[in-house]
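Here's the structure we're looking at; comments come further down.
Protein chains: 2
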Amino acid sequence: MAPAYKLIYGDYRGVAETSRFLFKYGGIEFEDARVQFEDWPQWKEKTPFGQLPLLEHNGKQINQSIAIARYLANLVKLAGNDDWENLEIDSIVDTVSDIRQKLVPIGREQDQIRRKTLIDTLIKDSFSYHLPRLEAIVEKNNGYLALGRLTWADFYFATISPMFDAITGQDCLANYPKLKAVRDKVNELPAIKKWIETRPASDF
Amino acid sequence: MAPAYKLIYGDYRGVAETSRFLFKYGGIEFEDARVQFEDWPQWKEKTPFGQLPLLEHNGKQINQSIAIARYLANLVKLAGNDDWENLEIDSIVDTVSDIRQKLVPIGREQDQIRRKTLIDTLIKDSFSYHLPRLEAIVEKNNGYLALGRLTWADFYFATISPMFDAITGQDCLANYPKLKAVRDKVNELPAIKKWIETRPASDF
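So the protein sequences, as listed, match chains A and B. At position 145 of the first sequence (counting the first as 1) the number is 174 in this note's numbering, and the numbers step up by one without a gap. At position 170 of the second sequence (counting the first as 1) the number is 199 in this note's numbering, and the numbers step up by one without a gap.
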């Protein structure tokens, strides 16, 4: 029987990796469908809003990576126990997402000098501002980003923060040992460790 | 007794208006705290991530407008009935939020010629692409953006889409009668109608 879930994305980690981690963590079978770069133009027309990832389930197709991850987090019990707890998680996820959004124009910049300027600004205005604040939150939260326990906020950070390093060419968490420990903690969960060892290789 | 909730934002509608609508819809008393422009620098230091809105409740303070709105939507019964329904709502909300994100660089652009170019690109690449797709969704969903009934996705659209008009100086929904009807339907709910008539005046 085909798996009940199909996750469609490009052939890289990107913003779909949070959901892949959540599937693996929960031991939920899914089809890890990867659209190759050359096939994307013809795929794009068939998507609801010209974007991936998409989650397919029960004949329905849904876009938006964070919305999909939140759904899966509920499924695998990495969400909050009530609406307020979910608010605390969502607040962290959207804060990390705001940082990620700032990477987008850098990824698109072809000119190497302008790219370097954008990276310097990102580090100065965003990383130097946001990362110490997130580090302090982990310090107060028993080594996690929310609720003093493992939640999908940690999964989101563990899968998104590697992009910070990839785009800047630096170890962006070098001065933030507690944030680095959050990432390591997620990466060392047995199901995740196994996934990282066996997943398709990609640059980001 | 002071209200159990305090919503802190600037003295305008912006991204906090969704939450104000949700409070009003649910008849939930809240302190509508508005930081004046000249007081923002000293306020900023006291916020978790240098941003508003903030929701204060039970001695806790949380940032991120969409996360706050989702929490309030659950409180006032405008969320889904299960995790999949919430995914359908979240997917729409984040899609509308993606459009809103594209307004940010236009708001910051001081040069009128460059601003005009950015607006033309926004209309051509985003509005002309996303709005017909959202219009088709409303058509299939009984006149609503999700689940065939009133949800906070409609509230989000009703409060965010006026920014499309404000920033472009155009009636951006002119060709999308079903989307316009969604906005009107929300605005004409008795509690919302009353709020719109009495809320502090602001440009956006």
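Don't be surprised by glycine CBs; every beta carbon is placed ideally from N, CA and C.
- In this structure the region 128–144 of chain B does not lie against the region 137–154 of chain A, because fewer than three pairs of beta carbons, one per stretch, are closer than 8 Å.
- Here the alpha carbon of B/K35 sits roughly 48 Å from the alpha carbon of A/Q65.
- DSSP, read as helix, strand or coil, puts A/N92 in strand.
- Check the Cα spacing between B/N92 and each of B/P82, B/A98 and B/W72: the tightest is with B/P82.
- The Cβ atoms of B/R42 and B/F233 sit closer than 8 Å to each other.
- Inside the region 138–197 of chain B, DSSP marks whole alpha helix (DSSP H) runs of 4 or more residues at positions 141–150, 157–169 and 181–197, from first to last along the chain.
- Closer than 8 Å at the C-beta level to chain A, one finds these residues of the region 90–119 of chain B: I91, N92, Q93, I95, A96, I97, R99, Y100, N103, L104, D112, W113, N115, L116, E117 and D119.
- In summary, B/R212 is buried, with 16 or more beta-carbon neighbours lying within 10 Å of its beta-carbon over all protein chains present.
- Where A/F78 is concerned, there is no enclosing alpha helix (DSSP H), because DSSP gives it neither an H nor an E.
- When 9 Å is used as the limit between beta carbons, B/D123 is near these residues of chain A: N92, Q93, S94, I95 and A96, in chain order.
- DSSP places A/I221 within a helical segment (H, G or I) once states are collapsed to three.
- For A/V215, the enclosing alpha helix (DSSP H) stretches over residues P206 to N216.
- Per the C-alpha coordinates, the member of B/W224, B/I118 and B/P191 positioned closest to B/N170 is B/I118.
- When DSSP states are grouped into helix, strand and coil, B/A62 belongs to the strand group.
- Separation of B/E85 and A/R63 (C-alpha to C-alpha, rounded to the nearest whole angstrom) is 42 Å.
- For A/R49, no Cβ of chain B is located within less than 8 Å of the residue's own Cβ.
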